[in-house]
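Participant: Residue numbers (our numbering): 2 to 88.
Quick look at the structure:
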């Protein structure tokens, strides 16, 4: 059971870092057009699109990545609580 928890927790952490890097790439011109940017876009955009449907941008500021990151962190906390409850 610990192995499953460890794998899921690691995947969540890797995905959170991918989101952070993808969000920071928007601050640099043409960074998302690089090969790493395109790979991260294929990984992160489907998740972010779910939040952009409900949260419109505020002018030039898009807060949907913040909400998406919070939801992902809550999922990680839920996974932690579930593991420690079962253990």
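Ideal Cβ positions, reconstructed from N, Cα and C, are used throughout, including at glycine.
Measure the alpha-carbon distance for residue 31 versus residue 11 and round it to whole angstroms.
Facilitator: Each residue's alpha carbon lies about 30 Å from the other.
Participant: Closest to residue 69 by C-alpha separation, out of 50, 7, 25, would be which residue?
Facilitator: The residue with the shortest Cα to Cα distance from residue 69 is 50.
Participant: Around the Cβ of residue 75, are there at least 16 other Cβ atoms within 10 angstroms (buried) or fewer (exposed)?
Facilitator: Residue 75 should be labelled exposed.
Participant: Tell me the DSSP bridge mates of residue 59?
Facilitator: Residue 59 pairs with 62.
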